[in-house]
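Asks:
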Amino acid sequence: MRPAREGEAVSLDPAIQKYATAAVPRYTSYPTAPHFTSGFPSATYREWLGRVDRDRPVSLYLHLPFCRQVCWYCGCNMRLVARYEPVSAYVETLLREIDLAADALPGRLEVSHLHWGGGTPTVLEPDDLERVMTDLRERFRFAPDAELAIESDPRTLSDAMVERIGALGFTRASFGVQEFDPTVQRAINRIQPPELVARVIDRLRAAGVRGINVDLIYGLPHQTVDTLTRTLQTCLESRPDRVALFGYAHVPWVAKRQERIPEDALPGPEARAAQAASAEAFLVEAGYEPVGLDHFARPEDPLAVAAREGRLHRNFQGYTTDGAATLLGFGATAIGRTPFGYVQNEPSVATWTREVAQGRLPVAKGHALTADDALRGHVIERIMCDGAVDLDEAGRRHGREPGWCADALPELEALQADGLLTLEDGRLRLSERGRPLVRVAAAAFDTYLSRARARHSVAV
Ligand code: SF4
Numbered sequence: 003m004r005p006a007r008e009g010e011a012v013s014l015d016p017a018i019q020k021y022a023t024a025a026v027p028r029y030t031s032y033p034t035a036p037h038f039t040s041g042f043p044s045a046t047y048r049e050w051l052g053r054v055d056r057d058r059p060v061s062l063y064l065h066l067p068f069c070r071q072v073c074w075y076c077g078c079n080m081r082l083v084a085r086y087e088p089v090s091a092y093v094e095t096l097l098r099e100i101d102l103a104a105d106a107l108p109g110r111l112e113v114s115h116l117h118w119g120g121g122t123p124t125v126l127e128p129d130d131l132e133r134v135m136t137d138l139r140e141r142f143r144f145a146p147d148a149e150l151a152i153e154s155d156p157r158t159l160s161d162a163m164v165e166r167i168g169a170l171g172f173t174r175a176s177f178g179v180q181e182f183d184p185t186v187q188r189a190i191n192r193i194q195p196p197e198l199v200a201r202v203i204d205r206l207r208a209a210g211v212r213g214i215n216v217d218l219i220y221g222l223p224h225q226t227v228d229t230l231t232r233t234l235q236t237c238l239e240s241r242p243d244r245v246a247l248f249g250y251a252h253v254p255w256v257a258k259r260q261e262r263i264p265e266d267a268l269p270g271p272e273a274r275a276a277q278a279a280s281a282e283a284f285l286v287e288a289g290y291e292p293v294g295l296d297h298f299a300r301p302e303d304p305l306a307v308a309a310r311e312g313r314l315h316r317n318f319q320g321y322t323t324d325g326a327a328t329l330l331g332f333g334a335t336a337i338g339r340t341p342f343g344y345v346q347n348e349p350s351v352a353t354w355t356r357e358v359a360q361g362r363l364p365v366a367k368g369h370a371l372t373a374d375d376a377l378r379g380h381v382i383e384r385i386m387c388d389g390a391v392d393l394d395e396a397g398r399r400h401g402r403e404p405g406w407c408a409d410a411l412p413e414l415e416a417l418q419a420d421g422l423l424t425l426e427d428g429r430l431r432l433s434e435r436g437r438p439l440v441r442v443a444a445a446a447f448d449t450y451l452s453r454a455r456a457r458h459s460v461a462v
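Numbering-wise, the working numbering comes out as the position in the sequence shown, counting from 1, plus 2.
(1) Per the DSSP calculation, residue 392 is bridged to which residue(s)?
(2) Going by the DSSP bridge assignment, what does residue 217 pair with across the sheet?
(3) In this structure, how does DSSP classify residue 453 when only helix, strand and coil are distinguished?
(4) So, at 6 Å on beta carbons, what are the nonlocal neighbours of residue 2 in its own chain, with the 5 sequence-adjacent residues on each side left out?
(5) Can residue 171 be considered in contact with the ligand SF4, in the sense that its beta carbon sits closer than 8 Å to one or more heavy atoms?
(6) Can you tell me where the beta strand (DSSP E) with residue 321 in it begins and where it stops?
(7) Any heavy atom of the ligand SF4 closer than 8 Å to the CB of residue 155?
(8) Would you check if the segment 270 to 282 and the segment 317 to 333 touch, i.e. whether three or more CB-CB distances between them fall below 8 Å?
(9) How would you label residue 450, buried or exposed, when you count the other beta carbons within 10 angstroms and need 16 or more for buried?
(10) Could you tell me which of 76, 64 and 82 sits nearest to residue 93, measuring between CA atoms?
(11) Tell me the DSSP secondary structure of residue 149 in three-state form.
(12) Buried or exposed: residue 445, going by 16 or more other Cβ atoms within 10 Å of its Cβ?
(13) Tell me whether residue 39 sits in a helix, a strand or coil according to DSSP, three-state version.
(14) Does the Cβ of residue 319 lie closer than 8 Å to at least one heavy atom of the ligand SF4?
(15) Can you list, in chain order, the residues of its chain with a C-beta nearer than 7 Å to that of residue 238? Leave out the 5 residues immediately preceding and following it.
(16) As a quick exercise: from 234, 250, 346 and 374, pick the residue whose alpha carbon is nearest that of residue 465.
(17) Starting from residue 304 and walking both ways along the beta strand (DSSP E), at which residues does that stretch end?
(18) So residue 118 is in the beta strand (DSSP E); what residue range does that whole segment cover?
(19) CA-CA distance, residue 71 and residue 428?
(20) Kindly list the residues whose CB is nearer than 7 Å to the CB of residue 369, restricted to its own chain and excluding five residues on each side of it in sequence; keep chain order.
(21) Check whether the Cβ atoms of residue 246 and residue 154 sit closer than 9 Å, and answer yes or no.
(22) Mind pulling the beta strand (DSSP E) runs of 3 or more residues that sit fully within the segment 21 to 104?
(23) For a test of the three-state rule: what should DSSP assign to residue 193, helix, strand or coil?
(24) Please classify residue 193 as buried or exposed, where buried requires at least 16 other C-beta atoms within 10 Å of its C-beta.
(25) Is the segment 226 to 240 close to the segment 253 to 265, with three or more CB pairs under 8 Å?
(26) Buried or exposed: where does residue 161 fall if 16 or more other Cβ atoms within 10 Å of its Cβ makes it buried?
(27) Examine the Cβ distances between the segment 142 to 150 and the segment 124 to 132 and report whether three or more of them are shorter than 8 Å.
(28) Would you kindly work out how many angstroms separate the C-alpha atoms of residue 21 and residue 299, rounded to a whole number?
(29) Rounded C-beta distance between residue 2 and residue 67? I'm assuming under 8 Å.
(30) Under 9 Å, do residue 98 and residue 132 count as touching if we go by C-beta distance?
(31) What would DSSP say about residue 199, mapped onto helix, strand or coil?
(32) Counting along the chain, where does the alpha helix (DSSP H) carrying residue 284 start and finish?
(33) Ends of the alpha helix (DSSP H) at residue 329?
(34) Using 8 Å as the cut-off, classify the Cβ of residue 80 as near or not near the heavy atoms of the ligand SF4, replying yes or no.
(35) Over what stretch of residues does the alpha helix (DSSP H) that includes residue 340 continue unbroken?
(36) Straight-line CA distance for residue 244 to residue 216?
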């Protein structure tokens, strides 16, 4: 479709509407984190780390769960901090945790990707960011072309931090813009004028950070196709390299702070889908290439190149060029992955701190991958990344006969009957119309998904 003009009503494909409210996971892993087992033994993770291939690069994720202000829509594990002492203490534990994991690995491994997330990682003092990065460079070998990314809050990013981010060689910074309309910003408690965001992006580029990512959200209270279109127009003046467009997931029974969101001002399913469709059309018309489900990138950006070449991957940060089989997660709540399974750290900072102080890898939950998980995880990742997968070939590579996924067929055939995908010669391919429903197609292969599906956000 073309982008909507101001005030114009957007009509939606009835087939998309039919599935738009399906509650399905975002599939940043398979199985998804709610299916990890509590009380997973830390010793198992230590043993997995010892078996990681020393000749293959790993990626690193560091989680800083602190913010200076709270946004009502936020579903992250974060704590509001006014003083620096808790952050400073957290850094000490983070350094100790890095040592624990590095000691368990079979050598000083190469790093291809690093990502700081949160919370707000730029709550750190520049010297503390440098301490952690220096420690990581001692314990790991960073590839010369390693991607170093950091999430940032334009409202609190200091000039000193911008300079340090540049000096430490960060290659990418991402910002939560969400929406520029003042009424929406007040309703979500995130007031940040466009000029502030533009200035911060300029300063980061001047400091040497090449890649700029901007996150936007649709489905927010008081948001309309028109407010989102105006936000996109303003946002693109800074020429971000990537734009992520997420649907707001209203789950106040999980994220209590969302009770402050005025529910009667939330757009309904059709309005949400219209916002998503119009924003996508706007971005495509502006020259961005759709990447997977909810990302857009300039054609020359590595993410767009990877998507065109079938090298796109999906991890806990969303779509990525990172194909490392091992992701080491550090910090409270951080999730890690090895070829043998997933682990998630203790979500409570106090428990995470106590575990690390006692010399234990602070694992709270985990999941050892079965052969069936590995096959289904591969199929789900390719559907989420490429919108297509050769089911017979995938099965063969995992030692299974054609027809291994008979359990998925009833849902896939229903989608096929609605013209949203094709199933031919063992190949699944979403049609252009069906592309917004990749999560629904992926969910057909998910044997863990409960019938109630109550925990997940809607598909569009
Ligand atoms: S959205 Fe980001 S800045 Fe806002 S409270 Fe959540 S983690 Fe903090």
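Positions of the beta carbon are idealized from the N, C-alpha and C atoms, including for glycine.
Replies: In short:
(1) To locate residue 392, count along the sequence shown from 1; it is residue 390. Here residue 392 is bridged, per DSSP, to 429.
(2) On the sequence shown, position 215 is the one that residue 217 refers to. In the DSSP assignment, residue 217 forms a beta bridge with 178 and 246.
(3) As a position in the sequence shown, residue 453 is number 451, starting the count at 1. For residue 453, the predicted structure reports a pLDDT of 47, less than 50, and the residue's modelled location is therefore unreliable. The matter cannot be settled from this model.
(4) Since the first and last residues shown for the chain are 3 and 462, residue 2 lies out of range.
(5) What you label residue 171 is simply residue 169 of the sequence shown in a count that begins at 1. Outside the cutoff, so no.
(6) By 1-based counting over the sequence shown, the position of residue 321 is 319. Residues 320 to 322.
(7) In the sequence shown, counting from the first residue as 1, residue 155 sits at position 153. Residue 155 Cβ: within cutoff of the ligand SF4.
(8) These segments do not touch.
(9) Mapped onto the sequence shown, residue 450 falls at position 448. By the beta-carbon neighbour count (other beta carbons within 10 angstroms, threshold 16), residue 450 is exposed.
(10) Position 91 of the sequence shown, counted from the start, is the residue given in the question as residue 93. For residue 93, the nearest C-alpha among the options comes from 64.
(11) Along the sequence shown, one-based indexing puts residue 149 at 147. Here residue 149 sits in strand by DSSP.
(12) Numbered from its first residue, the sequence shown carries residue 445 at position 443. Result: buried.
(13) Here residue 39 refers to the residue found at position 37 when the sequence shown is read from its first residue. Here residue 39 sits in strand by DSSP.
(14) Residue numbering aside, residue 319 sits at position 317 when the sequence shown is read from its first letter. No; taking the cut-off as 8 Å, the Cβ of residue 319 has no heavy atom of the ligand SF4 nearer than that.
(15) As a first step, residue 238 is located in the sequence shown; it is residue number 236 there, counting from the start. The residues 288, in chain order, have a CB closer than 7 Å to that of residue 238 in the same chain once the five nearest residues on each side in sequence are set aside.
(16) The first residue shown for the chain is 3 and the last is 462, placing residue 465 beyond what the model contains.
(17) By one-based count along the sequence shown, residue 304 stands at place 302. Residue 304 -> not in any beta strand (DSSP E); alpha helix (DSSP H) instead, spanning 304 to 310.
(18) Along the sequence shown, read from residue 1 onward, the residue named residue 118 stands at position 116. 112 to 120 is the extent of the beta strand (DSSP E) around residue 118.
(19) The count along the sequence shown starts at 1 and reaches residue 71 at position 69. The count along the sequence shown starts at 1 and reaches residue 428 at position 426. Rounded to whole angstroms, the separation of the alpha carbons of residue 428 and residue 71 is 50 Å.
(20) If you number the sequence shown from 1, residue 369 lands on position 367. Answer for residue 369: 33, 37, 38, 39, 343 and 344, listed in chain order.
(21) For this step, residue 246 is matched to residue 244 along the sequence shown. For this step, residue 154 is matched to residue 152 along the sequence shown. At the C-beta level, residue 246 and residue 154 stay beyond 9 Å of one another.
(22) Fully enclosed beta strand (DSSP E) runs of no fewer than 3 residues occupy 60 to 66 of the segment 21 to 104, in order along the chain.
(23) For the purposes of this step, residue 193 is identified with residue 191 of the sequence shown, where counting begins at 1. Three-state result, residue 193: coil.
(24) As a first step, residue 193 is located in the sequence shown; it is residue number 191 there, counting from the start. Exposed, since its Cβ has fewer than 16 Cβ neighbours within 10 Å.
(25) Cβ pair count under 8 Å is below three, so no.
(26) Position 159 of the sequence shown, counting from 1, holds the residue named residue 161. A residue is called buried when at least 16 other Cβ atoms come within 10 angstroms of its Cβ; residue 161 does not meet this threshold and is exposed.
(27) With fewer than three CB-CB distances shorter than 8 Å, the segment 142 to 150 does not count as touching the segment 124 to 132.
(28) Taking the sequence shown and counting its residues from 1, one reaches residue 21 at position 19. Taking the sequence shown and counting its residues from 1, one reaches residue 299 at position 297. Each residue's alpha carbon lies about 26 Å from the other.
(29) Because the chain spans 3 through 462 in this model, residue 2 falls outside it and cannot be assessed.
(30) On the sequence shown, position 96 is the one that residue 98 refers to. On the sequence shown, position 130 is the one that residue 132 refers to. Cβ distance not < 9 Å, so residue 98 and residue 132 don't count as in contact.
(31) Translated into the one-based positions of the sequence shown, residue 199 becomes position 197. Residue state, collapsed to three classes: helix.
(32) Within the sequence shown, residue 284 is the residue found at index 282, counting from 1. For residue 284, the uninterrupted alpha helix (DSSP H) run begins and ends at 271 to 287, by DSSP.
(33) Position 327 of the sequence shown holds residue 329. Counted as a single uninterrupted DSSP element, the stretch harbouring residue 329 is not any alpha helix (DSSP H) but the beta strand (DSSP E) occupying residues 329 to 332.
(34) What you label residue 80 is simply residue 78 of the sequence shown in a count that begins at 1. True, at least one ligand heavy atom lies under 8 Å from that Cβ.
(35) Position 338 of the sequence shown, counting from 1, holds the residue named residue 340. For residue 340, there is no enclosing alpha helix (DSSP H); the residue is part of the beta strand (DSSP E) that begins and ends at 337 to 340.
(36) Position 242 of the sequence shown holds residue 244. Position 214 of the sequence shown holds residue 216. Their Cα atoms are separated by approximately 6 Å.
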